[in-house]
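Just below is one structure, and these are the notes that go with it.
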Amino acid sequence: VFYLIVRATGIYTRGTIFFKSTQILAKADNIDIIARTPKVMVEAFNNLEMAAKNNEFIFEIINCFTYLGSQINCNTNISTEIQKRIVSKNRCLFGLRKHFRSHLLYRKTKIMIYKVLVQSVLMYGSETWTLTKQDTGDI
361 VFYLIVRATG IYTRGTIFFK STQILAKADN IDIIARTPKV MVEAFNNLEM AAKNNEFIFE
421 IINCFTYLGS QINCNTNIST EIQKRIVSKN RCLFGLRKHF RSHLLYRKTK IMIYKVLVQS
481 VLMYGSETWT LTKQDTGDI
């Protein structure tokens with residue numbers, strides 16, 4: 361059904377976004393629209409929606425979802441993802457508190473455990489974050 365809907369829009373699906381204004385990526389039951397401008401993206405979505413209605417298919421618009429453990433939202437606001445990562449880091453730290461309080465481990469070992477286990481939970485995916493001053497303070 362997706363193949364028919366995408367073909368009915370008239371959007372050329374070959375090539376990359378470098379040579380056109382819109383690109384559609386479709387896999388299983390997901391469709392991603394990549395566009396150079398918001399106007400072109402809305403136009404592509406409207407074309408897809410009209411083609412879907414002709415085939416008696418309804419697209420569901422999702423404002424927020426989790427992908428590979430990271431929360432993605434339509435506002436490109438990363439604050440919720442950062443808060444989720446801080447909570448995960450605190451849970452990890454709480455789970456390891458017995459080891460951090462232990463007198464059997466050297467301080468150097470505890471620092472290494474913190475950097476490898478705890479800090480990596482917080483910073484997972486951080487290379488793609490666009491931070492505000494508030495987000496920087498939270499981290």
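In this note's numbering, the protein residues as written are 361 to 499.
Beta carbons are placed, not taken as given, at the ideal position from N, Cα and C, and that holds for glycine.
Member of the options whose CA lies at the smallest distance from the CA of residue i
i	options	result
Q494	N415, E403, N406 and N437	N437
L428	G485, I499, W489 and G497	G485
N435	Q443, I442 and N423	N423
Sheet register partners of residue i (DSSP bridge)
i	result
A411	Answer is none; A411 lacks a bridge partner.
Y427	S430
8 Å Cβ cutoff met for residue i and residue j
i	j	result
F425	I418	no
R445	L477	no
Reduced DSSP secondary structure (H/G/I, E/B, other) of residue i
i	result
Y484	coil
S448	helix
S462	coil
N433	strand
I393	strand
E416	coil
T469	helix
I442	helix
L456	coil
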